[in-house]
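Residue numbers (my numbering): 4 to 85. The C-beta atom is built at its ideal place from N, Cα and C for all residues, glycine as well. Computed from a predicted model, the values in this text were never measured in an experiment. Written out below as structure tokens is the structure these notes cover.
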């Protein structure tokens, strides 16, 4: 069975205390059984008139789109594996 994995990171793993480094570095991975857009997220992007390839950047995205995107994500069932 084919599965798809998407990985993203946040933060700057530079040397502690150096300019531009951050106190945290986070890596997240999402596993999906098929490679297709998640329909609710695709609808949010369309409603916000965003490109299908637009990448939400937390600090650079305005509050209203960020809130709408986050509210949509909260409706998904996520399982956590460590």
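Exposed or buried, which one is residue 29 when buried takes at least 16 other CB atoms within 10 Å?
The residue given as residue 29 occupies position 26 in the chain shown. Classification of residue 29: exposed, given that the 10 Å Cβ count is below 16.
Taking its Cβ as the centre, do 16 or more other Cβ atoms sit within 10 Å of residue 52, making it buried, or is it exposed?
Here residue 52 refers to the residue found at position 49 when the chain shown is read from its first residue. Exposed, because fewer than 16 other Cβ atoms sit within 10 Å of the Cβ of residue 52.
How about residue 79 and residue 47: are their beta carbons less than 7 Å apart?
Numbered from its first residue, the chain shown carries residue 79 at position 76. Numbered from its first residue, the chain shown carries residue 47 at position 44. Going by C-beta atoms, residue 79 is not nearer than 7 Å to residue 47.
What number of angstroms, rounded off, separates the C-alpha of residue 18 from the C-alpha of residue 31?
In the chain shown, residue 18 corresponds to position 15, counting from 1. In the chain shown, residue 31 corresponds to position 28, counting from 1. It is roughly 21 Å from the alpha-carbon of residue 18 to the alpha-carbon of residue 31.
Should residue 62 and residue 35 be called a contact, given that it needs their Cβ atoms to be closer than 7 Å?
For the purposes of this step, residue 62 is identified with residue 59 of the chain shown, where counting begins at 1. For the purposes of this step, residue 35 is identified with residue 32 of the chain shown, where counting begins at 1. No, they are not a contact pair.
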